[in-house]
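Quick note: the sequence shown, position 356, residue 1394 per my numbering, numbers continuous.
Just so you know, even glycine gets a beta-carbon here, dropped at the ideal spot from N, CA and C.
Nothing here was measured: the structure is a model prediction, and the numbers come from that model.
So the structure is just underneath, and the comments pick up after that.
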Amino acid sequence: MVRCNVSELREGMVLAEDVLTAGGRFLMPKGTTLDHGHLKSLQAWNLSAVSVAAAATPLAPGARDDGAVAAGEAAEIVVRERLCRLDCEHEAGRVLWRLALERETRHRLAGDAVSPGQGESGPHRPGDDTVGRPEELPPPLSSPEALLRDEPKLVSPPEVYLRINDVLRDPISTVEDAAESIRHDPSLAAKLLRLVNSSFYARTLRAVRGRFPAKVDSLSRAVMVVGGRQLATLALGVSVLPLFQDIPPHWVNMRVFWEHSVGCAAAAQAIAGACSRGNPETAFVAGLLHDIGRIIVFKQASTHMAAAMRQAAAAREPLYKAERDLLGFDHAALGGHLLRKWQFPANLEKMVRYHHDLGEPLFIDEPAVIHLADCVATAMGWGASGNRHAPPLDPAAWEALGLTGEELTRLVPVMEARLAETMHSFFPDRDGRP
Ligand SMILES: [Fe+2]
Ligand SMILES: [Fe+2]
């Protein structure tokens, strides 16, 4: 890694650290390969120098870069294994293969031995544990309810959640009611303001004020930018996150788990917006919570889960299939059950419940958003929730959404920037506590 003056930067160089403005605003994530637009933007923000990967310095014409070749080869081995269940002949599979390979290569060139999303491929491999050998397995569990009964803190959601949900369910509630219900929880309000201040809403902010945005520093202004009901929906999802933060570390690193969830949320928000399928904020929350069932399974059915992870790794199959074999249901059904119990909006529950099983063809549009978002997040290596392999993409989901390969290519960098921003402001602790 070397420090380089902004005036000396060239296209093709790779950022070795996140870039922040002088005021601390997040600008670009580590791993970005600089293009003309990035260089203009860095100059516009009057930054003096940034850190770039030493190996990314352009070579003289005709010179062979052995480091880049080695990085490309190592990246290909990792990506080939991760995407072994994805149909790379399919339009979406081809795009994801190319983008995942480029990202993995960039991270290796930037000096990361293992990219941030590679928790499952690191020194500890979930499922390699010797606990819970198949011969010791109890029979499949009777139902999701049985697991939830053993988790007392999940009997009911937090107080602030109940207040916000009342507002959402009341057809005559006002936007001020939504802001008022969030105001009771200062930590939740601060997280929401950070979300609304992210670049995702920058265009809306400009439209609202007619100039480059200043900071949104109050919930009333946040309601103006996002909308009352949309802000309340975001608040519902964010308010329950603190209940899910204590997976035993030998299963999966909590920060890596949330990186996968936030990656899926960012992808779902972008896909819902691009395809006009439902509300982008609802999609964001569904993405954020799509794998929470797995947290409960890790804690309450660890013997079954150890065996499921071994089975999935040995057969190179998606973990949700092994869960169905060994538990009798998968984490998506369990998560959907919990959200129904807590009376989350029905469409949000459906998106979580059916993200691995799209259900009736007539009703797949919204679950298809999370299905594709999960595929993108896993294929790109954005965190991990226990899977070693990206789940196969259901062609019916791709058809239902009507995206093209070019659109997906354009959306993935937007999703990745949103992921980096949200992780930066939302989970600042390295241990990944929300
Ligand atoms: Fe899942
Ligand atoms: Fe997932």
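Exercise for the section: Assign Glu1119 to buried or exposed, taking buried as 16 or more other Cβ atoms, counted over all protein chains shown, within 10 Å of its Cβ. Expected result: Counting Cβ neighbours within 10 Å, Glu1119 comes out exposed, since fewer than 16 surround it.
Practice task
Could you check what DSSP says for Ser1089 in three-state terms: helix, strand or coil?
Solution key: Here Ser1089 carries a strand assignment [DSSP, helix/strand/coil].
Problem - Per-residue burial, Gln1307 [other beta carbons within 10 Å of its own, 16 or more giving buried] - result: Gln1307 comes out buried.
Exercise for the section: May I have the straight-line CA-CA distance separating Arg1232 from Gly1440, to the nearest angstrom? Expected result: Between Arg1232 and Gly1440, the alpha-carbon positions lie close to 32 Å from each other.
Exercise for the section: Could you round the C-beta distance between Ala1305 and Val1205 to whole angstroms and report it? I think they count as a contact, below 8 Å. Expected result: 28 Å between Cβ atoms; not a contact.
Practice task
Determine the extent of the beta strand (DSSP E) in which Val1193 is found, giving its start and end residues.
Solution key: That residue, Val1193, is in no beta strand (DSSP E); it is neither H nor E in DSSP.
Exercise for the section: State the beta-bridge partners of Met1066 as determined by DSSP. Expected result: BP columns for Met1066 point to Val1057.
Handout entry: Ranges of the alpha helix (DSSP H) found wholly within the stretch 1295-1339, counting only runs of at least 4
Key = Correct list: 1318-1327 and 1330-1338.
Practice task
Within its chain, find whatever has a CB closer than 8 Å to the CB of Ser1277; leave out the 5 residues flanking it on each side and keep chain order.
Solution key: Closer than 8 Å at the Cβ level, and outside the excluded window around Ser1277, lie Pro1195, Pro1196, Val1198, Tyr1199, Ile1202, Asp1223 and Leu1226.
Exercise for the section: Please report how far the alpha carbon of Tyr1358 lies from the alpha carbon of Asp1412, in whole angstroms. Expected result: Approximately 12 Å, taken between the alpha carbons.
Practice task
Could you tell me the distance, in whole angstroms, from the CA atom of Asp1188 to the CA atom of Ala1228?
Solution key: Taken atom to atom, the span from the alpha-carbon of Asp1188 to that of Ala1228 is near 32 Å.
Practice task
Would you identify the three-state DSSP class for Val1290, choosing helix, strand or coil?
Solution key: DSSP places Val1290 in coil when its eight states are reduced to three.
Practice task
Apply the 10 Å Cβ neighbour rule to Pro1182 and answer buried if 16 or more other Cβ atoms are within range, or exposed otherwise.
Solution key: Buried.
Practice task
Grab the span of the alpha helix (DSSP H) containing Val1005 for me, first residue to last.
Solution key: Look at the range of the chain in this structure, 1039 to 1472, and you will see that residue 1005 is not part of it.
Practice task
Please confirm if the stretch 1254-1263 is in contact with the stretch 1281-1295, defined as three or more CB-CB distances below 8 Å between the two stretches.
Solution key: Proximity of the stretch 1254-1263 to the stretch 1281-1295 falls short of the contact definition, fewer than three beta-carbon pairs being nearer than 8 Å.
Practice task
Measure from the alpha carbon of Val1213 to the alpha carbon of each residue in Ser1236, Ser1340, Ala1270 and Asp1255, then state which is nearest.
Solution key: For Val1213, the closest alpha carbon among the candidates Ser1236, Ser1340, Ala1270 and Asp1255 is that of Ala1270.
Practice task
May I ask whether a heavy atom of ligand 2 can be found less than 6 Å away from the beta carbon of Asp1329?
Solution key: Residue side-chain check: Asp1329 places its Cβ nearer than 6 Å to a non-hydrogen atom of ligand 2.
Exercise for the section: Would you tell me roughly how many angstroms separate the C-alpha atoms of Pro1154 and Pro1209, rounded to the nearest one? Expected result: Confidence is the limiting factor: at Pro1154 the pLDDT is only 41, short of 50, which leaves the residue's position unreliable, though a coordinate-based value still follows. For Pro1154 and Pro1209, the distance between alpha carbons rounds to 43 Å.
Practice task
Using only alpha-carbon positions, find the residue among Ser1314, Ala1087, Val1452 and Ala1091 that is nearest to Met1051.
Solution key: When only C-alpha atoms are compared, the closest one is Ala1091.
Exercise for the section: Using the Cα positions of Leu1072 and Ala1109, report the straight-line distance between them to the nearest angstrom. Expected result: Distance between the alpha carbons of Leu1072 and Ala1109: 18 Å.
Practice task
Compute the minimum distance between the beta carbon of Ser1089 and the heavy atoms of ligand 2, and state whether it is under 6 Å.
Solution key: No, Cβ of Ser1089 sits at least 6 Å from all heavy atoms of ligand 2.
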